[in-house]
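**Student:** Residue numbers (our numbering): 44 to 204.
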Amino acid sequence: MLSLSCVTALDPIDEVCSRTRNPSLCSGTLRSDPRSATATITRLGYLAIDLAFSHAATTTNKINTLLGRAKDPGLKNSLRYCQVEYVSYAKLACRKAFIFLNQRDYSGSNTQGFELSEVGSICERKLVAGPSYLRQLTIDNWKTELFGDIIVVVSALLKNG
Numbered sequence: 044m045l046s047l048s049c050v051t052a053l054d055p056i057d058e059v060c061s062r063t064r065n066p067s068l069c070s071g072t073l074r075s076d077p078r079s080a081t082a083t084i085t086r087l088g089y090l091a092i093d094l095a096f097s098h099a100a101t102t103t104n105k106i107n108t109l110l111g112r113a114k115d116p117g118l119k120n121s122l123r124y125c126q127v128e129y130v131s132y133a134k135l136a137c138r139k140a141f142i143f144l145n146q147r148d149y150s151g152s153n154t155q156g157f158e159l160s161e162v163g164s165i166c167e168r169k170l171v172a173g174p175s176y177l178r179q180l181t182i183d184n185w186k187t188e189l190f191g192d193i194i195v196v197v198s199a200l201l202k203n204g
């Protein structure tokens, strides 16, 4: 009797996204970029960093617009806090994650992914705790957390080989 066994490798996007906090948002976000179609785990890391950097720039512009329209001093304070988080920390975490991933320093890229994820989380907490909750940034903050998650997962997968 002949026995055939077939081992199928997980699609890299499924492999990464299944380990994030929001697999469906992760999969949809990565698959929406044509570069993901043939991406390896490593390439998904670079793609996530690139998308995260662009997302941080777009979110910063959105924060600036909302800040210009805000009347409530407490809301302005919360938005300024988020502005600093995105301008100073999100973009820096992306740059550092790229360098670490390029150097195959997966512990370093993992840390930067965590830092990026924290930007979204911290900004959202600041807005929720503020005097006027601003829902316009909630999805943006979730996506920032997601990109950080992706970088953390990719780093762990590459580190554990």
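C-beta atoms are modelled at their ideal positions from N, C-alpha and C, and glycine is treated no differently. What you are looking at is a predicted structure, and each value in this text was computed from that prediction instead of being measured.
Taking its Cβ as the centre, do 16 or more other Cβ atoms sit within 10 Å of residue 155, making it buried, or is it exposed?
**Tutor:** buried
**Student:** If we count the other Cβ atoms within 10 Å of its Cβ and call it buried at 16 or more, is residue 111 buried or exposed?
**Tutor:** exposed
**Student:** Inspect the beta-carbon positions of residue 162 and residue 187 and report whether they are closer than 7 Å.
**Tutor:** yes
**Student:** Mind listing, in chain order, the continuous alpha helix (DSSP H) runs of no fewer than 4 residues lying wholly within the segment 61-117?
**Tutor:** 66-74 and 84-112
**Student:** Exposed or buried, which one is residue 92 when buried takes at least 16 other CB atoms within 10 Å?
**Tutor:** buried
**Student:** Going by other Cβ atoms of all chains shown within 10 Å of its Cβ, with 16 needed for buried, is residue 55 buried or exposed?
**Tutor:** buried
**Student:** Whole angstroms are fine: how far does the CA of residue 116 sit from the CA of residue 138?
**Tutor:** Cα to Cα, the separation comes out at about 32 Å.
**Student:** As a quick exercise: from 125, 136 and 113, pick the residue whose alpha carbon is nearest that of residue 89.
**Tutor:** 136
**Student:** So the alpha helix (DSSP H) residue 168 belongs to, where does it begin and stop?
**Tutor:** 149-172
**Student:** Report yes if the CB atom of residue 191 is closer than 7 Å to the CB atom of residue 152, and no otherwise.
**Tutor:** Cβ atoms of residue 191 and residue 152: not closer than 7 Å.
**Student:** With distances taken between CB atoms, is the gap from residue 122 to residue 109 smaller than 7 Å?
**Tutor:** Yes, these two residues count as a Cβ contact at 7 Å.
**Student:** Is residue 177 buried or exposed, if buried means 16 or more other CB atoms sit within 10 Å of its CB?
**Tutor:** buried
**Student:** Kindly list the residues whose CB is nearer than 7 Å to the CB of residue 74, restricted to its own chain and excluding five residues on each side of it in sequence; keep chain order.
**Tutor:** 56
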